[in-house]
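In the working numbering, the protein residues as written are 190 to 757.
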C-alpha cells in the first residue's frame, strides 16, 4: 500500500490500524493523517480503507476536511482574487462574502458544504427582502471561490453547480397611452400639495389604502434602504464624500411623532417642527440618500404613554443627532457602500462621540467646527491620571481655542486658492492647516489627546476666518483636497431643496413612528427616480459621459421640464 495514500498496520490478533494521509501542513510541511482502529478481519479493514480512499478522491476527506470556509476564503481572496481584480471589484467580493456567506457557512469545512446548504443561504437572503440580482452576484463570487478550490485539488466538484437561483425580475418599459399621459400631467399640475389625501383625490384611488400603505403597512423601510445602498449607489461611484445633516419642517399640533418646539432649519429659528437626520453620498455633482431617521426629543422619550400612542418601540431611547448619524453610517457600510470622507457642520464637528464613531468605522472626516468651542495644543503634552480622569501635568502650557491656535500659523504656510462657482464667478480664499491635539477626551482615566488636522479657511478680504475644520485624514492634507472637501457639503442642501420643493418631503401628515420611517424611505425613492431620469439615457443602460464631457442641453432641459411639472 502506498505510504502517501493509506496504510494497514497490524496491532495484534484481529486488530488493524487504518491510516489515511491528509497531505502536509502548508506552513510546517508536517504530514497529517487520519487514524482508525478496526477490530475484525483483514478484509474488513481493507474494505474500510478503500472506502476512505474513495472519499479522499471525491473531496470529502482531503485538506478541505481540516480547513473552514472562512480560512479558505481568506486564502483565496489574498492569493487568487486580489491580483486579478480592480480594487472596487475586490471590495465588492469581500463585502458580499462578509455580509451573506461567512455568517452562515464560515465555520463549516469546505468539503462538507452541499448544494442544500447554499440554497438555505439564498432562501434566507430572499426572506430578508434582498433582490434576486444581489443573490446572483453573491452566487457568482462564491462559485468563483469553489472553482478555484477544484483547480487546487481541494475539492472534486463545485457545490454551486446546479443551484437554482431565484428568477430575475425584469420589467420592460411600457409606453403610456395618450389618455394616461394626459391624466398624469393633469394630476401633476393641479396642486402643489403632495400629502396622501390630495394625491389620492387627484389620482382617483382609495385614500384609506394609500394611507395604510404609508403609515401602517408592515413592510420594512430598512429593506428598502438596503436595496438603495446595494442596487443604486454603485452606479454613482467613485464617491467623493458622505454628508451628514438634519432637516426639519414646521408642524401644527403636538401629536405627530417627534414634533416639538426646537430649532428648525427651514425657518432659521425655534419652531414647532419635526426633524430627521439624513446621510447622503456624493460624487461631487449629485447626491443620493443612503439613510434617514427621525429625531425623537427627550420630551418624547421621557413620556412613554405619548410614545406608545404613536407606536414608538419600547427599546427606543433618547439619542442626540450626532448619536443617530453614526448608526446610519454603520448600517450603510455594512451594506457595502464604499468609504469616503464624512462631512458635516459644527453640530457634528464639535461632538467627540460622533468623531470617535467615524474613526471606529475607519473612515475619514472633514467637519466644520466653531473656533471657540474646542481647545487643545499644537504639540502633544504630558498627562497623568488623578482619581477617575486624566489631567495635563503641571508645567505644561494651558490649552488654547482653535481660533487662538490658528493665529499662530506662520504666514508662509497659508496657501492661496481660487475656484469658479456654478454661476461662473471666480472666488478666492487662503487655506492653512496644522496638526493639533484636542483635550476633550481627557475626561476619564483612559482618555487620550485626540490628534486631528486643524484646517482654516480665511478669505483675504475678511477680518476673521470664514470657517474652521477638524479633519482626520489617512494622508496629509493638500491644498486641492482641503478646498474640495470644504466646498462639498452643498449636495445635501440641494437634496433637501429638491425633496421638499418638488417631491413633498415636508408634506407628511401622519402621526405614527412607522409612518415617519416609511415616508423618509419613500421620499428617497422618489428622489432617486428623478435622479435616474437625469442619469439614464435609454432603457437598461446608465449613461457614461466620461470625466470631461460637456453637459447635454437637451437632457438638462428635459429634466428641468419634469421637475417644473412636479413643483406645481
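For every residue, glycine included, the Cβ atom is placed at its ideal position computed from N, Cα and C.
What you are looking at is a predicted structure, and each value in this text was computed from that prediction instead of being measured.
For this session: Whole angstroms is fine: what's the gap from residue 336's alpha carbon to residue 280's?
Result: When the Cα atoms are used, residue 336 and residue 280 turn out to be separated by approximately 20 Å.
Exercise. What did DSSP end up calling residue 349 once you bin it into helix, strand or coil?
Worked result: Secondary structure of residue 349 (DSSP, three-state): coil.
For this session: Check whether the segment 536–544 touches the segment 441–461, counting contact only when three or more Cβ pairs, one atom from each stretch, lie closer than 8 Å.
Result: Not touching, per the Cβ criterion.
Exercise. Can we say the segment 685–693 touches the segment 556–567, given the rule of at least three CB pairs closer than 8 Å?
Worked result: Here the segment 685–693 makes no contact with the segment 556–567; the two share fewer than three CB pairs at distances below 8 Å.
Problem set entry | Outcome for residue 596 when other beta-carbon atoms lying within 10 angstroms are tallied against a minimum of 16 | Counting the other Cβ atoms within 10 Å of the Cβ of residue 596 gives fewer than 16, which makes it exposed.
For this session: Hey, could you find the ends of the beta strand (DSSP E) residue 225 is sitting in?
Result: Here the beta strand (DSSP E) through residue 225 covers 220–228.
Problem set entry | Span separating the alpha-carbon of residue 728 from that of residue 521 | For residue 728, the predicted model reports a pLDDT of 40, less than 50, meaning its position is unreliable; a value from the coordinates is still stated below. Between the alpha carbons of residue 728 and residue 521 lies a distance of about 28 Å.
Exercise. Counting along the chain, where does the beta strand (DSSP E) carrying residue 628 start and finish?
Worked result: For residue 628, there is no enclosing beta strand (DSSP E), as DSSP marks it with neither H nor E.
For this session: Taking residue 211 and residue 258 to be in contact with their CB atoms under 8 Å, please state how far apart those CB atoms are, rounded to whole angstroms.
Result: Contact flag wrong, Cβ pair sits at about 18 Å.
Exercise. Nearest-angstrom Cα distance between residue 430 and residue 472?
Worked result: Looking at the backbone, the Cα of residue 430 and that of residue 472 are separated by about 7 Å.
Exercise. Of all the beta strand (DSSP E) runs that stay within the bounds of the segment 546–612, which reach a length of 3 or more residues?
Worked result: The DSSP assignment places complete beta strand (DSSP E) segments of no fewer than 3 residues inside the segment 546–612 at 554–558, 564–566, 572–575, 578–581 and 604–609, in order along the chain.
Exercise. Which class does residue 435 belong to by DSSP, given the choice of helix, strand or coil?
Worked result: Residue 435 falls in the strand class under three-state DSSP.
Exercise. Cα separation between residue 649 and residue 664?
Worked result: Note on geometry: alpha-carbon atoms of residue 649 and residue 664 lie some 27 Å from one another.
Problem set entry | For residue 606 and residue 644, believed in contact at Cβ under 8 Å, the rounded distance | Not confirmed; about 12 Å, so no contact.
Exercise. Is the CB-CB distance between residue 298 and residue 324 below 8 Å?
Worked result: No, Cβ-Cβ distance for residue 298 and residue 324 is not below 8 Å.
Problem set entry | Same chain, Cβ closer than 6 Å to residue 464, five either side skipped, listed in chain order | Within the same chain, residue 464 has close Cβ partners 435, 437 and 484.
For this session: Tell me whether residue 353 is buried or exposed, calling it buried when 16 or more other Cβ atoms sit within 10 Å of its Cβ.
Result: The residue in question, residue 353, is exposed, as its Cβ has fewer than 16 Cβ neighbours within 10 Å.
For this session: Please report the Cβ distance between residue 237 and residue 221, rounded to the nearest whole angstrom; I am assuming they are in contact, meaning their Cβ atoms lie under 8 Å.
Result: Rounded to whole angstroms, the Cβ separation of residue 237 and residue 221 is 19 Å, and the two are not in contact under 8 Å.
Problem set entry | Ranges of the beta strand (DSSP E) found wholly within the segment 486–549, counting only runs of at least 3 | Runs of the beta strand (DSSP E) spanning 3 or more residues and lying entirely within the segment 486–549 occur at 531–533, in chain order.
For this session: Tell me whether residue 640 is buried or exposed, calling it buried when 16 or more other Cβ atoms sit within 10 Å of its Cβ.
Result: Residue 640 should be labelled exposed.
Problem set entry | residue 459, enclosing beta strand (DSSP E) - first and last residue | Its beta strand (DSSP E) spans residues 458–471.
Exercise. Are at least three pairs of beta-carbons, each pair with one atom in the segment 698–716 and one in the segment 406–413, less than 8 Å apart?
Worked result: Segments in contact, yes.
For this session: Assign residue 478 to one of two classes, buried (16 or more other C-beta atoms within 10 Å of its C-beta) or exposed (fewer than that).
Result: Buried.
For this session: Tell whether a beta-carbon distance below 8 Å holds between residue 658 and residue 555.
Result: Taking 8 Å as the cut-off, the beta carbon of residue 658 is found closer than this to the beta carbon of residue 555.
For this session: Verify whether the separation of the beta carbon atoms of residue 709 and residue 481 is less than 8 Å.
Result: Yes, the Cβ-Cβ distance between residue 709 and residue 481 is below 8 Å.
For this session: Decide if residue 296 is buried, meaning its Cβ has at least 16 other Cβ atoms within 10 Å, or exposed.
Result: Exposed, by the Cβ-count rule.
Problem set entry | Residues bridged to residue 196 (per DSSP) | Beta-bridge partners of residue 196 (DSSP): 208.
Exercise. Is residue 456 near residue 533, with beta carbons less than 8 Å apart?
Worked result: Using a Cβ distance threshold of 8 Å, residue 456 and residue 533 do not count as a contacting pair.
For this session: May I have the straight-line CA-CA distance separating residue 734 from residue 679, to the nearest angstrom?
Result: Only weak support exists for where residue 734 lies, its pLDDT of 40 falling under 50; the coordinates are left without a value.
Problem set entry | 8 Å Cβ cutoff met for residue 468 and residue 514 | Closer than 8 Å, so yes.
Problem set entry | Local conformation of residue 735 per DSSP, three classes | With a pLDDT of 41 at residue 735, under the threshold of 50, the modelled position of this residue cannot be trusted; read the value that follows with caution. Note: residue 735 maps to coil in three-state DSSP.
Exercise. In the DSSP assignment, what are the bridge partners of residue 453?
Worked result: Its beta-bridge partners are 458.
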